[in-house]
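Counting in my numbering, the sequence shown runs from 431 upward without gaps.
Ideal placement from N, C-alpha and C gives every residue a C-beta, glycine not left out.
Since this is a predicted model, take the numbers as computed values, not measurements.
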Amino acid sequence: SFIFIIFFAFIVLIAARLSIISFIVIALIYILFYLNYFLIKKIILGVSLLVLSGFIYSNPKIQERVNHNNIDMMIDHEPRFVIWESVNNIKNNDDFNSLIGYGNYQLIEDYLIINYEKIINKKEKRDYFVKEQFNTHSQFFDYLLFGGYIAFTLFISFCLVSLWYTKQNFTSFAIISA
431 SFIFIIFFAF IVLIAARLSI ISFIVIALIY ILFYLNYFLI KKIILGVSLL VLSGFIYSNP
491 KIQERVNHNN IDMMIDHEPR FVIWESVNNI KNNDDFNSLI GYGNYQLIED YLIINYEKII
551 NKKEKRDYFV KEQFNTHSQF FDYLLFGGYI AFTLFISFCL VSLWYTKQNF TSFAIISA
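Now the structure itself:
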């Protein structure tokens, strides 16, 4: 329990948005499907976790990281909006083979940089994206662009089979799903 509290406190302290969300989802899965309590106790624990999450979300540092007050500000500060728009543009290129993809990570990286230069209007932000050479930020998009829908389907199948085989052991399930 002490390690659980320390781990969760660290995630909240650094305000890692996706880690907090993953942690809450995994905790809810544990409470609902793995904990050997009666249903009413599970519901009480689940609601308590959601209330605790609400208190954590009300932390000014978390709110600043989430930028929930202004959607335009959030879109401007979250790199995934630009990255995933670029992925969609690359997927719609004439030379993209939807069955087998590009098969070349260097080509994908070059296309991403070209897209960053095209779609980002703010010079500082564009220069930052080009300098950092952001990848797709998603294994799913990597497999889609690199290997097409065949690789994408195989990867999804691998993920689902892994979840199926680990469903009896929570630790393994949590590692696979996170």
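Going by beta-carbon coordinates alone, are I520 and Y546 separated by less than 8 angstroms? no
Could you give the distance in angstroms between the alpha-carbon of S483 and the alpha-carbon of F453? 10 angstroms
Between the CA atoms of I580 and T566 - distance to the nearest angstrom: 18 angstroms
Best match in G533, N466 and L458 for proximity to S478 [C-alpha to C-alpha]: L458
According to DSSP, is I505 part of a helix, a strand, or is it coil? helix
Should T596 and F603 be called a contact, given that it needs their Cβ atoms to be closer than 8 angstroms? yes
Just checking my contact of Q569 with I543 at CB under 8 angstroms: how many whole Å lie between their CB atoms? Between I543 and Q569 the Cβ distance is about 20 angstroms, and since that is not below 8 angstroms, they are no contact.
Report yes if the CB atom of Y532 is closer than 8 angstroms to the CB atom of F559, and no otherwise. no
Report the rounded CA-to-CA distance for F432 versus F440, giving the unit in angstroms. 12 angstroms
Would you call the CB atoms of G476 and I461 closer than 8 angstroms? yes
Suppose you measure from the CA of I470 to the CA of F600; what does that come to, to the nearest Å? 21 angstroms
Nonlocal neighbours in the same chain, by C-beta distance under 8 angstroms from I606, ignoring five residues either side: C589, S592, L593 and T596
Host alpha helix (DSSP H) of N522 (start-end): Element bounds for N522: n/a, residue is neither H nor E.
I think S516 touches I549, with their Cβ atoms under 8 angstroms apart; what is that distance to the nearest whole Å? 7 angstroms
By how many angstroms is the C-alpha of I505 removed from the C-alpha of N522? 22 angstroms
Using three-state DSSP, classify F603 as helix, strand or coil. helix
Under 8 angstroms by Cβ, that's how I've got G578 and I530 pegged, so tell me the actual separation to the nearest angstrom. 4 angstroms
Inter-residue Cα distance where the pair is I474 and F571: 38 angstroms
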